[in-house]
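Novice: Take a look at the following structure, please.
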Amino acid sequence: MANSDSYDAIIIGAGIGGLVCGCYLAKAGMKVLICEQHFKPGGYCTSFKRGPFTFDAAADCFGAYRKDGITRKVFEELGIDKRLNIIRFDPPSIVLTPDYRVPFWNDLEKTIEEFQTAFSDERDNIRNFFYFLSSSDPISYSRIKNWTFKELLDSYFTNDRLKAVLSFPLLAMAGLPPSLMSAFVAIKFYSEFLLDGGYYPVGGMQVLSDTLAEQFKEFGGELRLSCLVKKIRVKDNKVTGIVTEKDGFIPSRYVISNCDARQTFLKLLGKEMVEKEFYTKIKNMMPSISNFIAYLGIDKEFKPPQPPGSAIFFSQHYDLDKAYRVIQKNDFEEYGGYSFRFSYNQPILGIIIPAAFHNKRFWSNNKPRFLELLIDKIENSTIPGLSKHIVYKEAATPYTLYRYTLNYKGASYGWACTPSQLAVPGLRKPPFIHGLYLTGHWTTVGIGISGVIYVSHDVSKLILRKGKKNL
Numbered sequence: 000m001a002n003s004d005s006y007d008a009i010i011i012g013a014g015i016g017g018l019v020c021g022c023y024l025a026k027a028g029m030k031v032l033i034c035e036q037h038f039k040p041g042g043y044c045t046s047f048k049r050g051p052f053t054f055d056a057a058a059d060c061f062g063a064y065r066k067d068g069i070t071r072k073v074f075e076e077l078g079i080d081k082r083l084n085i086i087r088f089d090p091p092s093i094v095l096t097p098d099y100r101v102p103f104w105n106d107l108e109k110t111i112e113e114f115q116t117a118f119s120d121e122r123d124n125i126r127n128f129f130y131f132l133s134s135s136d137p138i139s140y141s142r143i144k145n146w147t148f149k150e151l152l153d154s155y156f157t158n159d160r161l162k163a164v165l166s167f168p169l170l171a172m173a174g175l176p177p178s179l180m181s182a183f184v185a186i187k188f189y190s191e192f193l194l195d196g197g198y199y200p201v202g203g204m205q206v207l208s209d210t211l212a213e214q215f216k217e218f219g220g221e222l223r224l225s226c227l228v229k230k231i232r233v234k235d236n237k238v239t240g241i242v243t244e245k246d247g248f249i250p251s252r253y254v255i256s257n258c259d260a261r262q263t264f265l266k267l268l269g270k271e272m273v274e275k276e277f278y279t280k281i282k283n284m285m286p287s288i289s290n291f292i293a294y295l296g297i298d299k300e301f302k303p304p305q306p307p308g309s310a311i312f313f314s315q316h317y318d319l320d321k322a323y324r325v326i327q328k329n330d331f332e333e334y335g336g337y338s339f340r341f342s343y344n345q346p347i348l349g350i351i352i353p354a355a356f357h358n359k360r361f362w363s364n365n366k367p368r369f370l371e372l373l374i375d376k377i378e379n380s381t382i383p384g385l386s387k388h389i390v391y392k393e394a395a396t397p398y399t400l401y402r403y404t405l406n407y408k409g410a411s412y413g414w415a416c417t418p419s420q421l422a423v424p425g426l427r428k429p430p431f432i433h434g435l436y437l438t439g440h441w442t443t444v445g446i447g448i449s450g451v452i453y454v455s456h457d458v459s460k461l462i463l464r465k466g467k468k469n470l
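The numbering of the sequence shown is numbering that gives the first Met the number 0, which starts it at 0 and goes up by one.
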């Protein structure tokens, strides 16, 4: 029987994935500890206050909360659906270019009609495409598992501008053009975010994370914040626990990493514990791009030109391969795209633009200039007169995101969503270390909040099937 100082499972990282996994294990009766290096739970799903304003740090909504969606299923099973006041924006998203304004409505038929009106030459193809996106036929999906999103779009459409409009939200979120992005992941972005998105917990994203943390503790789990894990201990190819900066060695039967996979294998485990082929694979995999995020407090006289709550994806151009190359160079003057959202209940504006990592010095030198460039760009293209109404402004860089989450290069979605990095074997359950599991974005299985919820639910079931305790 486990002694009072040991655990059945220790989870590294209190992001949404770690919290959901922890809730399931603790609810089943396991003795579970979550260690989080930040002083608050949530990872990218946190919020912070500046004067009268409350800003969401990175994630600002979630998807898959329809009746049969994975987010709804998990929230109901964990009992947090009754503790959250969840609203939904309509339209949840709008694609904006100099030539088009195309909303994604909560009503699929209404969305199809918007695209058909904008691109009348592709009427039948648009309907067939959206019906395919909203279907759940695994056989149809399996045939395109090695396709790029460009290959999928080319199989339906000839209009290049339509293909760019359909692709830009994915470039804005995941930082990949359709020529590089996995078609399967793109479908999931559409079905779980663009077509079933716009859900928001009243009070901010921190409320979601805090509610999960409280439920975890009510299930009997223990959460330690400001608790940096330094090492995963292994004996005879089996985990024995972790070593933290403050508390030293803590024994555990299982260790679940909800943090960066490179950190998990190359630092916490160490190269000597990783199979050579797997080590080479991890070293050569490409992380997803990070973001530069502007947080703007606006005076109450300002009237938003776009619906509050809706995510606006703006693109000045239709050549997304060129846009991707510009993003890689962090050429803010050349890049003609960004996404933004006005808060539904307070005068704030969040603007997000994909950005490459570089290093701490690069961002220390360029953050103020890039913030002003971004404000000028959005003022000249979509929000005239914005600068006259700004009463507070701040920004987060890729280095900021790295510092608060320790995600490799401040990655937004774990590994880049390319076909070759889809469902990489061994990332959820490394075969060479017994008792070690990974959850969250870095498993290459789930994407976005709904994706990490799915992975965490699945990993918890894997562990529970082995027996919740070894008594």
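Think of the CB as a built atom: it goes at the ideal place given N, C-alpha and C, for glycine as much as any other residue.
When the Cα of residue 154 is compared with those of 172, 174, 182, 63, which residue comes out closest?
Specialist: Per the Cα distances, 182.
Novice: If you run the structure through DSSP and keep just helix, strand and coil, what is residue 433?
Specialist: Three-state result, residue 433: strand.
Novice: So what does DSSP say about residue 414, is it helix, strand or coil?
Specialist: In this structure, residue 414 counts as strand in the three-state DSSP scheme.
Novice: Across which residues does DSSP place residue 221 in a beta bridge pair?
Specialist: Paired residues: 32.
Novice: Does the count of Cβ pairs from the segment 26-35 and the segment 388-404 closer than 8 Å reach three?
Specialist: Counting Cβ pairs under 8 Å, fewer than three are found: no touch.
Novice: For residue 192, collect the residues of the same chain with a Cβ closer than 6 Å to its Cβ; drop the 5 residues on either side in sequence, then sort them by chain order.
Specialist: So the qualifying residues of the chain are 62, 447.
Novice: Under three-state DSSP, which class holds residue 229?
Specialist: If DSSP states are grouped into helix, strand and coil, residue 229 belongs with the strands.
Novice: What did DSSP end up calling residue 84 once you bin it into helix, strand or coil?
Specialist: The answer is coil: DSSP assigns residue 84 none of H, G, I, E or B.
Novice: Mapping DSSP to helix, strand and coil, what is residue 424?
Specialist: DSSP places residue 424 in coil when its eight states are reduced to three.
Novice: Taking only runs that begin and end inside the segment 229-262, name each unbroken beta strand (DSSP E) of 3 or more residues, in chain order.
Specialist: Taking only runs of at least 3 residues, the beta strand (DSSP E) segments lying wholly in the segment 229-262 are 237-243, 247-256.
Novice: Is there contact between the segment 394-402 and the segment 280-290, where contact requires at least three CB pairs shorter than 8 Å?
Specialist: Segments in contact, yes.
Novice: Measuring alpha carbon to alpha carbon, tell me which residue in 205, 282, 246, 251 is nearest residue 13.
Specialist: Measuring from the Cα of residue 13, the nearest candidate turns out to be 205.
Novice: By Cβ distance below 8 Å, which residues in the same chain neighbour residue 98 in space, the five residues on each side in sequence not counted?
Specialist: The residues are 160.
Novice: Count the other CB atoms within 10 Å of the CB of residue 64; is the residue buried (16 or more) or exposed (fewer)?
Specialist: The residue in question, residue 64, is buried, as its Cβ has 16 or more Cβ neighbours within 10 Å.
Novice: Between 126, 383, 95, 26, which lies nearest to residue 109 when the distance is taken from Cα to Cα?
Specialist: Of the listed residues, the one whose Cα sits closest to residue 109 is 126.
Novice: Would you mind stating whether residue 509 and residue 374 have Cβ atoms separated by less than 8 Å?
Specialist: The shown model of the chain, from 0 to 470, leaves out residue 509, and the question about it has no answer.
Novice: Can you grab the Cα-Cα spacing for the pair residue 93 / residue 133, in whole Å?
Specialist: One C-alpha to the other measures close to 18 Å.
Novice: Per DSSP, which residues does residue 393 bridge with? Please list them.
Specialist: Beta-bridge pairing links residue 393 to 294.
Novice: Do you know how far the Cα of residue 413 is from the Cα of residue 2?
Specialist: Note on residue 2: pLDDT 42, under 50, position unreliable in the model; no value is reported.
Novice: Only counting the same chain, and skipping five residues up and downstream in sequence, which positions put a Cβ closer than 6 Å to that of residue 268?
Specialist: Taken in chain order, the residues that qualify are 231.
Novice: Out of curiosity, what's the CA-to-CA distance linking residue 458 and residue 79?
Specialist: Distance between the alpha carbons of residue 458 and residue 79: 20 Å.
Novice: Could I get the ranges of all uninterrupted alpha helix (DSSP H) runs contained in the segment 8-64, with 4 residues as the minimum, in chain order?
Specialist: If we require 4 residues or more, the alpha helix (DSSP H) runs fully inside the segment 8-64 come out as 15-26.
Novice: Classify residue 55: buried if its beta carbon has 16 or more other beta carbons within 10 angstroms, exposed otherwise.
Specialist: Label assigned to residue 55: buried.
Novice: Less than 8 Å separating the beta-carbons of residue 314 and residue 340?
Specialist: No. Outside cutoff.
Novice: Pull up the distance between the alpha-carbon of residue 223 and that of residue 35, whole angstroms please.
Specialist: Spanning the two alpha carbons is a distance of roughly 6 Å.
Novice: Which partner residues of residue 147 appear in the DSSP bridge assignment?
Specialist: Answer is 181, bridged to residue 147.
Novice: Got a sec? Which residues, its chain only, sit under 6 Å from residue 450 by beta carbon, not counting five neighbours each side?
Specialist: Hits under 6 Å: none found.
Novice: Only counting the same chain, and skipping five residues up and downstream in sequence, which positions put a Cβ closer than 7 Å to that of residue 469?
Specialist: A caution first: residue 469 carries a pLDDT of 46, below 50, which makes its placement in the model unreliable, though a value can still be read off. So the list reads 252, once near-sequence residues are dropped.
Novice: If you count every other CB in all the chains shown that lies within 10 Å of the CB of residue 257, and 16 or more means buried, which is it?
Specialist: That one is buried.
Novice: Mind checking who residue 347 pairs with in its DSSP beta bridge?
Specialist: According to DSSP, residue 347 bridges with 296.
Novice: Give a yes or no on whether the C-beta atoms belonging to residue 243 and residue 233 are separated by under 8 Å.
Specialist: No, the pair does not count as a contact, with Cβ atoms beyond the cut-off.
Novice: How long is the line joining the alpha carbons of residue 362 and residue 354, rounded to whole angstroms?
Specialist: Roughly 11 Å separates the two Cα atoms.
Novice: Mind pulling the alpha helix (DSSP H) runs of 4 or more residues that sit fully within the segment 345-380?
Specialist: Correct list: 359-380.
Novice: Would you call residue 254 buried or exposed, if buried means 16 or more other Cβ atoms sit within 10 Å of its Cβ?
Specialist: Result: buried.
Novice: What did DSSP end up calling residue 100 once you bin it into helix, strand or coil?
Specialist: If DSSP states are grouped into helix, strand and coil, residue 100 belongs with the strands.
Novice: Which same chain residues, not among the five before or five after residue 201, have their C-beta less than 7 Å away from its C-beta?
Specialist: Counting only Cβ-Cβ distances below 7 Å, and skipping sequence neighbours, we find 84, 86.
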